[in-house]
Amino acid sequence: TLQDTSSWIYGCMNSNSSMCLEATDLSWRAELLPTTKVVIMKLQDYPSLSHAVIQVPPTVSNKYTLDCEFFKEDARTVQLPVTHLFSFGLSSSKVLLNSTGLLYKIQLQHFNQIYQAFKIYIESHCQSLKERKPSVYRLHIPWSHEDSITVAKVPSFTEISAKLHIAQPQNDDRVPELNIYSSSDCQYEVILKTSLLQVLGQIIRFHAGALPVYVVSNILLTYGGQLSTLISTGQCSDFSLELVRTAKPYKVEPLISIVVFLPGFNWFREIWESLSLPEVDAAVLSSQDASFTLVSLILFLFGTGIAYWSAVFFSTSLRLFSSLWLTLIRPTVLQKDKLITPRRLCGMLSLALVSWTTCGAFAVFIIYLQYLFKVIKLHVNVRAEQNMLHGVNHSKETSQNSSIHTAKNQSSMDSISEATQSLSSSTTIAEAINSLKMHITIFNLFTWIVLLSLPSLIYWFKNLRYNVRLDPDPCRSTAIIIICILEILMNSSTSEVKSSKLLKIAAKVPLPLSVAMLVFGRMHLYKVPQFVTFSLLLHVLCCIV
Numbered sequence: 001t002l003q004d005t006s007s008w009i010y011g012c013m014n015s016n017s018s019m020c021l022e023a024t025d026l027s028w029r030a031e032l033l034p035t036t037k038v039v040i041m042k043l044q045d046y047p048s049l050s051h052a053v054i055q056v057p058p059t060v061s062n063k064y065t066l067d068c069e070f071f072k073e074d075a076r077t078v079q080l081p082v083t084h085l086f087s088f089g090l091s092s093s094k095v096l097l098n099s100t101g102l103l104y105k106i107q108l109q110h111f112n113q114i115y116q117a118f119k120i121y122i123e124s125h126c127q128s129l130k131e132r133k134p135s136v137y138r139l140h141i142p143w144s145h146e147d148s149i150t151v152a153k154v155p156s157f158t159e160i161s162a163k164l165h166i167a168q169p170q171n172d173d174r175v176p177e178l179n180i181y182s183s184s185d186c187q188y189e190v191i192l193k194t195s196l197l198q199v200l201g202q203i204i205r206f207h208a209g210a211l212p213v214y215v216v217s218n219i220l221l222t223y224g225g226q227l228s229t230l231i232s233t234g235q236c237s238d239f240s241l242e243l244v245r246t247a248k249p250y251k252v253e254p255l256i257s258i259v260v261f262l263p264g265f266n267w268f269r270e271i272w273e274s275l276s277l278p279e280v281d282a283a284v285l286s287s288q289d290a291s292f293t294l295v296s297l298i299l300f301l302f303g304t305g306i307a308y309w310s311a312v313f314f315s316t317s318l319r320l321f322s323s324l325w326l327t328l329i330r331p332t333v334l335q336k337d338k339l340i341t342p343r344r345l346c347g348m349l350s351l352a353l354v355s356w357t358t359c360g361a362f363a364v365f366i367i368y369l370q371y372l373f374k375v376i377k378l379h380v381n382v383r384a385e386q387n388m389l390h391g392v393n394h395s396k397e398t399s400q401n402s403s404i405h406t407a408k409n410q411s412s413m414d415s416i417s418e419a420t421q422s423l424s425s426s427t428t429i430a431e432a433i434n435s436l437k438m439h440i441t442i443f444n445l446f447t448w449i450v451l452l453s454l455p456s457l458i459y460w461f462k463n464l465r466y467n468v469r470l471d472p473d474p475c476r477s478t479a480i481i482i483i484c485i486l487e488i489l490m491n492s493s494t495s496e497v498k499s500s501k502l503l504k505i506a507a508k509v510p511l512p513l514s515v516a517m518l519v520f521g522r523m524h525l526y527k528v529p530q531f532v533t534f535s536l537l538l539h540v541l542c543c544i545v
C-alpha cells in the first residue's frame with residue numbers, strides 16, 4: 001500500500017511539458033498518522049520545484065485515496081485562549097470551524113505551565129451522510145516530544161486531555177497546537193475547559209516527591225501543639241484533635257512565601273551566600289516554573305489528610321493488636337520505668353554498632369520494631385487497668401446499694417482510704433493515657449523517618465552478598481543519634497516532661513522547624529530526619545532537665 005512505501009513523493013526540479021528529468025525525494029517530510037500519511041510543504045522553501053510527483057504502487061484489492069490542496073497557513077490557523085486555572089471548569093473557550101479543507105490549526109494561547117490541564121471536547125457534524133475517512137486530532141507541543149493523537153469517526157463527539165510534561169522554556173515563544181486533519185464540508189466545534197481533577201493530578205505528579213515533607217510538617221506541628229496543651233492543661237490531647245486544631249497552613253505558608261520572595265533581591269542572595277547557607281528548595285522550584293502560589297497550600301492540605309488518616313489507621317491497628325494481646329497474654333501492672341538502665345545502655349551501644357558496621361537504616365528499622373512493641377504493650381496495660389478500675393467501681397456501687405440498710409454507720413477512715421486508693425489509681429491511669437498519646441505522636445513521626453530511609457535499607461539488602469557494610473551510607477550518622485534518642489524516649493512519661501524547664505522551648509521549636517523543613521527539604525528528603533531528630537532531642541532533654 002501507499003503507507004508501506006518508503007519513497008513515494010518527489011519534487012521535480014528539471015522538467016519539460018511531458019516528463020520530469022530530475023527529482024528530489026521528499027518522502028522524509030512525511031508524517032505517519034494512524035490512518036494516513038501526511039506531507040505539509042511550504043512552497044517558499046522549494047523555489048526550484050515545478051511539480052510534485054507521487055509514485056503510486058500497483059494494487060489489486062487495496063483502496064486508498066489521495067487528497068491534495070493549496071492553502072494559506074494564516075487562513076487555516078485559529079487562536080484559542082485557554083481558560084484560567086481558577087475557572088474550575090465553570091467557564092470555557094469555544095471555536096467553530098466550517099471545514100472546507102484538510103487541515104486546521106488551533107493555537108492554544110497561554111498554555112505553557114505544567115500545572116495547567118484541560119479537557120478539549122470536539123464535536124463534528126457533516127452536511128451529507130456519505131462515508132468519510134476518520135478525522136485525526138493531534139495535540140502538538142513544539143518544545144517537547146509529547147504529541148498525542150486521537151482518531152475519531154465523523155460525525156462524533158470526542159474528548160481529549162491536554163497537559164504538559166515540560167513547561168515552556170523561557171526563550172521559546174512557540175505555542176501548543178491542536179491540529180485537526182478534517183473532512184471537507186464538515187463542521188467542528190471545539191470547546192476547552194479547565195479540568196480541576198487533572199490540575200490536582202499534575203500537582204501530585206510533579207510534586208509527589210515533596211509530599212512526605214508536608215506530612216511530617218503536619219505531624220511536627222501537632223506534636224508541638226500537644227506539648228503546648230500539656231503546659232496549659234496538664235493533659236495531652238488526642239493526635240487527631242490536635243492535628244485539626246494546630247496544623248493550619250496560615251502558620252507556615254506566609255513564611256515560606258517570604259523566603260521564596262527574598263532571594264529575588266541581589267543583596268539578600270549575596271548575604272545568604274556569604275553565610276554559606278544551603279540553597280532554598282522552594283525558591284529553586286519557583287525559579288524553574290515547577291511551582292505556583294497555591295501548590296504549597298494544596299500539598300499542605302494533602303499532607304494534613306494523609307497524616308490524619310494514617311493516624312486513624314494506626315489507632316485502629318493498635319486497638320486490634322492490644323485486643324489480641326489481652327486475649328493471649330496476661331498484661332503486667334503499670335509501673336514507671338527508668339529512663340536509662342545498664343541493659344538499655346547495652347542495647348543502645350549494640351544498635352549503634354550495627355548502624356556503624358552494616359546499615360544505618362537497618363538499625364533504625366530494628367529500634368522502630370522495638371518502639372512499636374513498647375507502644376502496643378503500653379496500650380494493652382492502659383486498657384487492662386481501665387477495665388479493672390471500671391470493674392472495681394461497678395462492684396463497689398453494687399455492694400453499697402445492697403448493704404445500705406445494714407451499714408449506715410460505716411467508718412470514715414475506711415471511706416477516706418478507699419477514696420485515696422481510687423484517686424491514686426485514676427491518677428496513674430490518666431498519666432499513662434497522656435504518655436500513650438505522646439508516644440503515638442512520636443511513633444507517627446518516627447514512622448516517616450523509617451519510610452524515608454527505606455531506599456537505603458532496600459539497596460543494602462540487595463547488595464548484602466557483596467558487602468555487609470553500606471558505604472557511603474546517608475543514614476549512618478542520623479541513625480546513631482536517633483537510636484540514642486529513642487532508647488530514652490520509649491521509656492519516658494509525660495510526668496517527667498511537665499516539670500521540665502525546657503518544655504516551653506520544646507513546644508515552640510516545632511513551628512520554625514516545620515517551616516525550615518518545607519523551605520530546605522522539598523528537594524532534599526534526606527534533611528527531613530535531621531529536623532525531626534532535633535525536635536526529639538529537645539524532648540529527651542525535657543525528660544532529664
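Mapped onto full-length UniProt numbering, the consecutive letters of the sequence shown carry residue numbers 1 to 545. Ideal Cβ placement from N, Cα and C applies to all residues, glycine included.
C-alpha distance - K338 paired with E253, whole-angstrom precision:
41 Å
Below 9 Å between beta carbons: does that hold for S161 and I120?
yes
For K504, which three-state DSSP category applies?
Secondary structure at K504: helix, using DSSP grouped into helix, strand and coil.
I want to know whether the stretch 211 to 219 touches the stretch 142 to 152 - three or more CB-CB distances under 8 Å.
Counting C-beta pairs with one atom in each stretch, the stretch 211 to 219 and the stretch 142 to 152 have fewer than three that are closer than 8 Å, which means they do not touch.
Collapsed DSSP secondary structure at Y371 in the structure displayed
helix
Within its chain, find whatever has a CB closer than 7 Å to the CB of K527; leave out the 5 residues flanking it on each side and keep chain order.
F520 and G521
Taking just the CA atoms, how far does L502 sit from L541?
Cα to Cα, L541 sits roughly 7 Å from L502.
Would you please state the rounded distance, in angstroms, between the beta carbons of I366 and L351? I believe it to be under 8 Å.
6 Å
Give the secondary structure of V53 by DSSP, where H, G and I count as helix, E and B as strand, and everything else as coil.
Strand at V53.
If L511 and K105 are in contact, beta carbons under 8 Å, what's the gap, nearest whole angstrom?
Contact flag wrong, Cβ pair sits at about 53 Å.
Give a single yes or no on whether L192 has its beta carbon closer than 8 Å to a heavy atom of the ligand FMN.
For the ligand FMN, the structure offers nothing, since it holds no ligand at all.
Let me know if A283 comes out buried or exposed under the rule of 16 or more other beta-carbons within 10 Å of its beta-carbon.
It is buried - the Cβ of A283 has at least 16 other Cβ atoms within 10 Å.
Keeping to the same chain, check which residues put their C-beta closer than 8 Å to that of H84; ignore five residues upstream and five downstream.
S91 and T194
Measure the alpha-carbon distance for V497 versus L294 and round it to whole angstroms.
38 Å
For the stretch 170 to 208, which segments carrying the beta strand (DSSP E) assignment without a break, of at least 3 residues, lie completely within its bounds, in sequence order?
You should have 177 to 181 and 186 to 194.
Report back the beta-carbon spacing between Q79 and Q113 to the nearest angstrom; my notes put them in contact at under 8 Å.
Actually they do not touch by this definition, with Cβ atoms about 18 Å apart.
Does DSSP put S499 in a helix, a strand or coil?
coil
Using the Cα positions of L243 and S492, report the straight-line distance between them to the nearest angstrom.
If you take the alpha carbons of L243 and S492, they lie about 22 Å apart.
Q226 - DSSP class collapsed to helix/strand/coil:
helix
Can you tell me which residues form a DSSP beta bridge with K119?
DSSP, once it has assigned bridges, lists S161 and K193 as partnering K119.
Considering only their Cβ atoms, is the gap separating F206 from Y115 smaller than 9 Å?
yes
Under the DSSP definition of a beta bridge, which residues are partnered with N98?
Q187
Taking the C-alpha atoms as reference points, what is the distance between C186 and Q127?
Between C186 and Q127, the C-alpha separation is close to 6 Å.
When L103, F88, L96 and E69 are compared against R76, the one with the closest alpha-carbon
L103
Is the stretch 463 to 470 touching the stretch 317 to 332, taking contact as three or more C-beta pairs under 8 Å?
These segments do not touch.
In the structure shown, what three-state DSSP assignment does I40 receive?
If DSSP states are grouped into helix, strand and coil, I40 belongs with coil.
Rounded straight-line distance, which links the Cα of A384 to that of T420:
Because T420 carries a pLDDT of 48, less than 50, the predicted location of this residue cannot be relied on, and the following value inherits that uncertainty. So the two alpha carbons sit approximately 20 Å from each other.
Contact set for H51: own chain, Cβ-Cβ below 8 Å, skip 5 residues either direction
For H51, same chain residues with a beta-carbon under 8 Å away, outside a window of 5 residues either side, are G11, C12, S15 and C20 in chain order.
Range of the contiguous alpha helix (DSSP H) that encloses I485:
R476 to L489
Would you kindly work out how many angstroms separate the C-alpha atoms of F68 and L43, rounded to a whole number?
Residue identity check: residue 68 is Cys in the sequence provided, not Phe. In this structure, the straight-line span from the alpha carbon of C68 to that of L43 is close to 14 Å.
Where DSSP assigns a beta bridge to P34, which residues make up the other side?
Per DSSP, none; premise fails for P34.
Pick out whichever of N444, D45 and H140 has its Cα sitting closest to the Cα of L318.
N444
Residue environment, S415, which counts as buried when at least 16 other CB atoms sit within 10 Å:
With a pLDDT of 47 at S415, under the threshold of 50, the modelled position of this residue cannot be trusted; read the value that follows with caution. So S415 ends up on the exposed side.
With burial defined as no fewer than 16 other Cβ atoms inside 10 Å of the residue's Cβ, what is the status of M517: buried or exposed?
buried
Along the beta strand (DSSP E) that carries Y137, what are the first and last residues, could you check?
S135 to H140
In chain order, what residues of the same chain have a beta carbon less than 7 Å from the beta carbon of S93, not counting five sequence neighbours either side?
L80, P81, V82, T83 and L192
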